[in-house]
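Quick note, the sequence shown lines up with residues 7 to 339 if you use the working numbering. The beta carbon of each residue, even a glycine, is placed where N, CA and C say it ideally should be. All values derive from a computational prediction rather than experimental measurement.
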Amino acid sequence: MTQKKYVVGITDHMIGTPDLEAEVLGSDVEIDFFATTDETLFDADRLGRLDALLVWGARLTSRSISRLHRCRGVVRYGVGYEKIDLAALANAGIPFANNPDYGTEEVADHASAMILSLHRRLWEHDARARGYTSGWQVHSLKPLSRSNRATIGIIGVGRIGTAVVNRLKPFGFHILGYDPGQPPGHEKAVGYQRVDRLDDILAQSDIVTLHCPATAESRGMLDADGLARLKPGAILVNTARGELLGDLDALEAALRSGHLAAAAIDTLTQEPPGHHPLLSAWRDREDWLAGRLVITPHNAFYSDHAAVEMRTNAARTVKILLDEGRLRNRVTA
Ligand SMILES: NC(=O)c1ccc[n+]([C@@H]2O[C@H](COP(=O)([O-])OP(=O)(O)OC[C@H]3O[C@@H](n4cnc5c(N)ncnc54)[C@H](O)[C@@H]3O)[C@@H](O)[C@H]2O)c1
Ligand SMILES: O=C(O)[C@H](O)COP(=O)(O)O
Numbered sequence: 007m008t009q010k011k012y013v014v015g016i017t018d019h020m021i022g023t024p025d026l027e028a029e030v031l032g033s034d035v036e037i038d039f040f041a042t043t044d045e046t047l048f049d050a051d052r053l054g055r056l057d058a059l060l061v062w063g064a065r066l067t068s069r070s071i072s073r074l075h076r077c078r079g080v081v082r083y084g085v086g087y088e089k090i091d092l093a094a095l096a097n098a099g100i101p102f103a104n105n106p107d108y109g110t111e112e113v114a115d116h117a118s119a120m121i122l123s124l125h126r127r128l129w130e131h132d133a134r135a136r137g138y139t140s141g142w143q144v145h146s147l148k149p150l151s152r153s154n155r156a157t158i159g160i161i162g163v164g165r166i167g168t169a170v171v172n173r174l175k176p177f178g179f180h181i182l183g184y185d186p187g188q189p190p191g192h193e194k195a196v197g198y199q200r201v202d203r204l205d206d207i208l209a210q211s212d213i214v215t216l217h218c219p220a221t222a223e224s225r226g227m228l229d230a231d232g233l234a235r236l237k238p239g240a241i242l243v244n245t246a247r248g249e250l251l252g253d254l255d256a257l258e259a260a261l262r263s264g265h266l267a268a269a270a271i272d273t274l275t276q277e278p279p280g281h282h283p284l285l286s287a288w289r290d291r292e293d294w295l296a297g298r299l300v301i302t303p304h305n306a307f308y309s310d311h312a313a314v315e316m317r318t319n320a321a322r323t324v325k326i327l328l329d330e331g332r333l334r335n336r337v338t339a
């Protein structure tokens with residue numbers, strides 16, 4: 007067997023077989039496949055041989071980073087990078103890149119579908135219609151506002167937030183956006199009303215949808231305190247990161263009291279989720295919660311097309327790094 011020029015590590019089992027990556031990386035590259043998300047199982051000698059590392063769900067801490075002796079770059083398959091210790095990578099002199107564009111349309115579709123179905127109270131109507139004993143239309147729930155009377159608050163108007171604005175504007179919703187990272191004028195270019203304080207967007211929106219990353223600043227922005235600042239009867243959609251919410255106790259209390267009318271979440275702090283009374287009520291379709299909590303398994307990004315694009319783009323980023331010494335989509339701490 008001929009000696010390969012480079013060794014690229016790929017995590018993890020969610021990939022299945024790294025065949026697409028092999029095709030993009032070419033015959034110069036040996037792939038060392040770490041079929042796990044458990045970083046503690048990454049073998050030190052194997053890490054030490056890598057010229058580049060491509061990660062998906064695995065956490066990457068100084069434990070593994072200190073063993074990447076010859077690594078020229080780490081690339082993440084996804085957009086979010088809260089599981090990557092960027093400071094440790096910077097200390098080790100290893101650049102990092104994410105994969106920003108592959109699933110923007112899918113996440114925007116997913117969030118918009120959640121918004122529209124909770125706004126129309128579809129799942130609550132479904133639950134009621136299934137259990138009806140007399141009458142039919144009398145089961146229409148109230149309140150149920152026309153879309154051009156409802157306000158949507160978008161927190162984080164980046165790629166996905168902007169795509170959500172573009173999808174929902176034609177329905178007539180009034181759209182507010184809170185994003186301190188966007189320059190003045192962004193709101194005109196995209197077509198939303200800028201709000202400069204988090205508290206204001208929480209207080210003014212009938213529906214709040216989260217599209218910002220999990221950072222030291224944004225973690226817990228909708229904990230018990232944040233939820234209390236929402237308009238009574240608001241709807242919450244979270245396709246960004248579970249860490250933006252507080253614990254499930256706070257979400258349960260807000261749903262039980264009715265302060266939060268409904269919530270749809272694609273991302274949780276713990277995935278898959280453990281045991282919690284709120285999750286049991288959701289699994290058991292308890293009457294008080296029926297149709298008011300929608301949970302999807304962190305698949306907002308997924309379509310068959312996005313999955314191929316994600317893997318191909320991420321592998322191409324590694325290929326460019328190895329061939330040209332240039333890391334595209336570089337992210338700094
Ligand atoms: N559920 C999924 O499958 C899935 C898929 C892709 C991305 N995501 C999540 O969605 C997030 C957004 O992705 P994107 O591609 O739009 O990223 P992006 O970088 O294009 O946009 C994020 C925006 O959030 C803003 N922001 C940062 N901190 C903020 C804060 N504290 N308050 C308000 N705004 C803040 C930034 O200025 C930026 O404009 C990602 O960070 C990731 O966590 C989830
Ligand atoms: O950040 C992302 O791109 C999405 O959330 C999907 O990737 P992840 O599930 O690996 O975070």
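Contacting residues, own chain, Cβ-Cβ under 7 Å from residue i (five flanking each side not counted)
{"i": "Gly-197", "result": "Val-171 and Lys-175"}
{"i": "Glu-258", "result": "Pro-283 and Leu-284"}
{"i": "Ala-312", "result": "Tyr-108, Gly-109 and Glu-112"}
{"i": "Cys-77", "result": "Leu-56, Asp-57, Ala-58, Leu-59 and Ile-100"}
{"i": "Ala-256", "result": "Asp-229, Ala-230 and Leu-233"}
{"i": "Ser-309", "result": "Glu-112"}
{"i": "Glu-277", "result": "His-304"}
{"i": "Ala-169", "result": "Thr-110, Glu-111 and Ala-114"}
{"i": "Gly-178", "result": "Ser-153 and Asn-154"}
CA-to-CA distance, residue j to residue i, given in whole angstroms
{"i": "Ser-140", "j": "Asp-205", "result": "43 Å"}
{"i": "Tyr-83", "j": "Gln-143", "result": "47 Å"}
{"i": "Tyr-108", "j": "Val-314", "result": "9 Å"}
{"i": "Leu-95", "j": "Tyr-12", "result": "20 Å"}
{"i": "Glu-223", "j": "Pro-186", "result": "12 Å"}
{"i": "Asp-34", "j": "Asp-115", "result": "39 Å"}
{"i": "Met-227", "j": "Ala-58", "result": "35 Å"}
{"i": "Val-14", "j": "Ile-21", "result": "15 Å"}
{"i": "Gly-331", "j": "Pro-101", "result": "11 Å"}
{"i": "Arg-336", "j": "Gly-164", "result": "17 Å"}
{"i": "Glu-292", "j": "Ala-267", "result": "15 Å"}
{"i": "Leu-31", "j": "Ile-37", "result": "9 Å"}
{"i": "Lys-10", "j": "Asp-231", "result": "55 Å"}
{"i": "Arg-289", "j": "Thr-323", "result": "40 Å"}
{"i": "Pro-279", "j": "Asp-91", "result": "23 Å"}
{"i": "Lys-89", "j": "Gly-264", "result": "33 Å"}
{"i": "Gly-191", "j": "Val-85", "result": "25 Å"}
{"i": "His-131", "j": "Lys-148", "result": "11 Å"}
{"i": "Asp-49", "j": "Ala-41", "result": "12 Å"}
{"i": "Ser-68", "j": "Glu-27", "result": "26 Å"}
{"i": "Ile-161", "j": "Gln-188", "result": "11 Å"}
{"i": "Arg-203", "j": "Arg-52", "result": "48 Å"}
{"i": "Arg-235", "j": "Leu-261", "result": "14 Å"}
{"i": "Trp-294", "j": "Ile-241", "result": "16 Å"}
{"i": "Arg-134", "j": "Gly-63", "result": "38 Å"}
Contacts around residue i, its chain only, beta-carbon distance under 8 Å, and the 5 residues preceding and following it disregarded
{"i": "Gln-210", "result": "Thr-157, Gly-159, Leu-182, Val-201 and Lys-237"}
{"i": "Val-243", "result": "Ala-117, Met-120, Ile-121, Leu-124, Ile-213, Val-214, Thr-215, Leu-216, Ala-269, Ala-270 and Ile-271"}
{"i": "Gln-199", "result": "His-180, Ile-181, Leu-182, Gly-183 and Glu-193"}
{"i": "Leu-150", "result": "Arg-126 and Arg-127"}
Classification of residue i by the beta-carbon crowding that lies within 10 angstroms, buried from 16 upward
{"i": "Asn-154", "result": "exposed"}
{"i": "Glu-112", "result": "buried"}
{"i": "Tyr-138", "result": "exposed"}
{"i": "Ser-72", "result": "exposed"}
{"i": "Lys-325", "result": "buried"}
{"i": "Pro-24", "result": "buried"}
{"i": "Ser-70", "result": "buried"}
{"i": "Thr-338", "result": "exposed"}
{"i": "Ala-195", "result": "exposed"}
{"i": "Gly-239", "result": "exposed"}
{"i": "Asp-329", "result": "exposed"}
Boundaries of the alpha helix (DSSP H) in which residue i is found, first to last residue
{"i": "Glu-330", "result": "310-330"}
{"i": "Glu-130", "result": "128-136"}
{"i": "Gly-232", "result": "230-234"}
{"i": "Ile-121", "result": "110-125"}
{"i": "Asn-340", "result": "No answer is possible for residue 340: the residues shown for the chain start at 7 and end at 339."}
{"i": "Gly-51", "result": "Note that residue 51 is Asp in the sequence shown here, rather than Gly. It spans 50-54 - the alpha helix (DSSP H) in which Asp-51 sits, taken as one unbroken run."}
{"i": "Glu-29", "result": "25-31"}
{"i": "Ile-71", "result": "68-71"}
Unbroken beta strand (DSSP E) run spanning residue i, endpoints
{"i": "Val-201", "result": "Taken as a continuous stretch (DSSP letters only), Val-201 belongs to no beta strand (DSSP E), as it is neither H nor E."}
{"i": "Val-163", "result": "Where Val-163 is concerned, there is no enclosing beta strand (DSSP E), given that its DSSP letter is neither H nor E."}
{"i": "His-282", "result": "Taken as a continuous stretch (DSSP letters only), His-282 belongs to no beta strand (DSSP E), as it is neither H nor E."}
{"i": "Val-85", "result": "Premise fails: Val-85 is in no beta strand (DSSP E) and is neither H nor E."}
{"i": "His-192", "result": "It is not in any beta strand (DSSP E) - His-192 instead sits in the alpha helix (DSSP H) that spans 192-196."}
{"i": "Leu-295", "result": "From DSSP, Leu-295 is part of no beta strand (DSSP E); its letter is neither H nor E."}
Contacting residues, own chain, Cβ-Cβ under 6 Å from residue i (five flanking each side not counted)
{"i": "Leu-307", "result": "Note that residue 307 is Phe in the sequence shown, not Leu. So the list reads Gly-109, Glu-112 and Val-113, once near-sequence residues are dropped."}
{"i": "Phe-39", "result": "Ile-16 and Pro-24"}
{"i": "Gly-54", "result": "Arg-73 and His-75"}
{"i": "Leu-254", "result": "His-282 and Leu-284"}
{"i": "Ala-98", "result": "Ile-71"}
{"i": "Asn-319", "result": "Asn-105 and Tyr-108"}
Residue i: CB within 6 Å of a non-hydrogen atom of ligand 4
{"i": "Thr-302", "result": "Inclusion of ligand 4 in the displayed structure is not the case, the ligand content consisting of ligand 1 and ligand 2 alone."}
Does the structure place the segment 245-255 close enough to the segment 214-226 that three or more beta carbon pairs sit under 8 Å? Remark: three or more beta-carbon pairs, one from each stretch, lie closer than 8 Å, so the segment 214-226 and the segment 245-255 are flagged as touching.
If you pair each beta-carbon of the segment 45-60 with each one of the segment 296-313, do three or more pairs fall below 8 Å? Taking 8 Å as the limit for Cβ pairs, the verdict is that the segment 296-313 does not touch the segment 45-60.
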